Amino acid sequence: MSDEALRRRLRAETTSVEDEVAALSERLRRGDLALERVELAAYLGHPAAQLCLAWDIQDSAWPGAGNYQLLRGVSRFDKETRVRIAVAGAVSHLTRLGSGPHMAQLDLDESWETVFAAEAWVLCPCREHQALAQEAASKECFLPFGVFRAASGAAEAAWRRPTQGARAALSAAGDQARAAVETEVLPWALGLRDPLQERVERRRRARRITLDDLRTAALESARSEDGEEAYLRLRVEAGTLSRRELELAAYCGSRGACDHFEFFPTPADPEGWLAGLERWGPGAYVLAARVMVENYGAQTQAARAAAGALTAWLEGGAAREQLFRAARISREPAERSEREPAEVLSALAALVGFRATASREPLQRSWIEFQALVDFTLQNGEGSDSLDALVEAVKASILREILLPRPPRVGPAEVPAWIRESS
């Protein structure tokens with residue numbers, strides 16, 4: 157029997173329990189359906205799955221009233237299953253709240269974004285999506301506790317504690333938990349369809365944005381502050397601007413980015429501002445070093461070599477040897493004295509990138525070299541009038557890097573290589 161025939165047999169409303177048991181048994185025998193999935197369906201109360209495994213009805217989560225057995229037995233499943241159960245509970249709870257007239261004024265966007273982070277992990281359980289789930293689960297939320305408990309439970313499940321997260325989301329869903337899990341998890345367990353993936357795809361289609369849309373919005377952003385805010389919002393929706401980039405844009409003074417945060421601390425003094433770049437890791441110092449080469453290193457071969465090596469590092473390339481060669485004269489005081497200031501400045505900038513490739517303490521090492529680069533630039537760089545002017549040049553370059561339109565993505569925003577390296 158073909159896979160499609162088996163699925164039709166399971167989907168048919170007129171199929172008897174005996175036929176479903178035969179279909180499940182055949183799929184198990186052929187290896188088309190994992191035993192763990194059938195056990196999950198049996199635990200959720202699917203009669204054919206229970207008979208297929210010869211389970212006693214008391215093993216199911218659903219015979220009695222309430223959800224106590226489900227909450228108690230969640231831990232028996234693997235992480236993906238527990239996250240899916242948590243998402244089902246959270247989606248049910250938030251959907252019900254959003255449709256209630258007494259909750260019409262409640263802004264649920266932040267809670268939905270938290271659930272979306274958990275969904276993204278389910279569809280792609282990589283380290284990046286786990287980090288996004290961690291960020292979503294950790295952020296503060298001023299919504300009523302019951303609202304946020306459902307959303308944060310889903311993200312918590314994807315991050316590090318799947319059992320506790322699933323129980324929190326199911327508890328928030330209350331008497332709707334059973335129907336939610338049956339609707340969302342049971343079809344996936346039986347291999348019929350994946351309601352979670354279908355929901356994500358519908359959301360992606362609903363907000364599909366083209367590169368031309370982004371370019372048009374970028375032109376509008378140059379004309380007004382409101383245009384910049386709208387452009388950044390469109391970038392977030394298109395999946396081409398991550399939260400870390402948005403935070404860095406706010407740190408660099410983008411009014412549109414600052415409007416996304418109630419309060420974003422930015423040191424007033426230039427020394428404090430440069431030191432604060434550490435929250436984005438050594439990549440931020442490498443980017444700032446490249447700005448200084450381009451602005452104050454003159455048009456020399458050494459400057460071009462250093463800028464090329466730093467760019468290769470920022471784009472995720474293997475530039476360690478290239479950086480070492482460009483930084484060589486900065487490590488030899490006797491040779492430094494014989495070189496033009498622009499060449500020494502370029503070598504010091506390359507050394508910042510080289511230190512950022514260190515296996516131990518790259519942030520601290522790159523910061524030390526960056527401080528030396530700043531001091532040398534202020535003393536010898538062409539056109540470096542003050543530290544304030546230097547910082548403004550760094551801010552402008554970082555904003556250009558972030559605000560450049562990129563092709564829309566399907567899925568969460570990709571964090572640029574130079575920020576991802578620092579995470």
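Count the sequence shown with the numbering used here and you get residues 157 to 579, in order. Quick reminder that beta carbons are idealized off the backbone N, C-alpha and C, glycines included. Keep in mind the model is a prediction, meaning the values are calculated, not measured.
query: Collapsed DSSP secondary structure at S294 in the structure displayed; result: helix
query: Residues near A287 by beta carbon distance below 6 Å, same chain, minus five either side; result: none
query: Span of the alpha helix (DSSP H), counted from its first residue to its last, around T533; result: P518 to N536
query: Per-residue burial, Q478 [other beta carbons within 10 Å of its own, 16 or more giving buried]; result: buried
query: Contained alpha helix (DSSP H) runs [length at least 4] in the region 386-434, N- to C-terminal order; result: 399-407, 411-414 and 426-432
query: Proximity of E450 and V356 at Cβ, strictly below 8 Å; result: no
query: Backbone CA spacing between V500 and G509 [nearest angstrom]; result: 15 Å
query: For P318, the first and last residue of its enclosing alpha helix (DSSP H); result: P318 to A329
query: Where G267 falls, given that 16 or more other Cβ within 10 Å makes a residue buried; result: Gly is not the amino acid found at residue 267; the sequence shown has Ser there. S267 should be labelled buried.
query: Q455, DSSP secondary structure in three states; result: coil
query: Rounded straight-line distance, which links the Cα of P351 to that of A512; result: 44 Å
query: Same chain only: Cβ atoms within 7 Å of P257, ignoring 5 sequence neighbours per side; result: Its pLDDT being 40, under 50, P257 is placed unreliably by the model, and the measurement read from it follows with that caveat. Result list for P257: empty, nothing under 7 Å.
query: With 16 other Cβ atoms within 10 Å as the buried cut-off, status of T422; result: exposed
query: Own chain, CB closer than 6 Å to L262, minus 5 neighbours either side, in chain order; result: With a pLDDT of 48 at L262, under the threshold of 50, the modelled position of that residue is not reliable, and no figure is offered here.
query: Whole-number beta carbon distance between L430 and A137, since they are thought to touch under 8 Å; result: No information on residue 137 is available, as it lies outside the stretch 157 to 579 that the chain covers here.
query: Meets three-Cβ-pair contact criterion under 8 Å: the region 335-342 and the region 175-193; result: no
query: Burial state of E517 (16 or more Cβ within 10 Å); result: exposed
query: Limits of the unbroken alpha helix (DSSP H) element including V230; result: Run containing V230: none; DSSP gives neither H nor E here.
query: Rounded separation between Y387 and E376 - CA only; result: 8 Å
query: CA nearest to the CA of L434, picked from A462, Q457 and L404; result: Correcting the residue type first, residue 434 is Glu in the shown sequence and not Leu. It is L404.
query: S502 - containing alpha helix (DSSP H), residue span; result: P497 to R511
query: Element boundaries [alpha helix (DSSP H), containing P343]; result: A333 to A345
query: Close-in-space but distant-in-sequence residues of the same chain around E269 (CB under 8 Å, 5 per side omitted); result: A292
query: C-alpha distance - D175 paired with L207, whole-angstrom precision; result: 11 Å
query: Pair within 8 Å by beta-carbon distance, L504 and F480; result: no
query: Whole-angstrom distance between W469 and A475, CA atom to CA atom; result: 5 Å
query: Beta-carbon proximity check, E236 vs V278, cutoff 8 Å; result: yes
query: Option in V177, F233, L559 and W344 with minimal Cα separation from A413; result: L559
query: E427, buried or exposed, once every other Cβ within 10 Å from all chains shown has been counted against 16; result: exposed
query: Straight-line gap, R460 to Q290 (C-alpha atoms, nearest Å); result: 40 Å
query: Three-way DSSP call (helix, strand, coil) for H202 in this model; result: coil
query: Same chain, Cβ closer than 7 Å to V230, neighbours up to 5 away in sequence not counted; result: R238, I241, T319, A322 and R323
query: First and last residue of the uninterrupted alpha helix (DSSP H) at D175; result: V173 to R186
query: Sequence-distant residues of its chain with Cβ nearer than 6 Å to D369 (five each side left out); result: none
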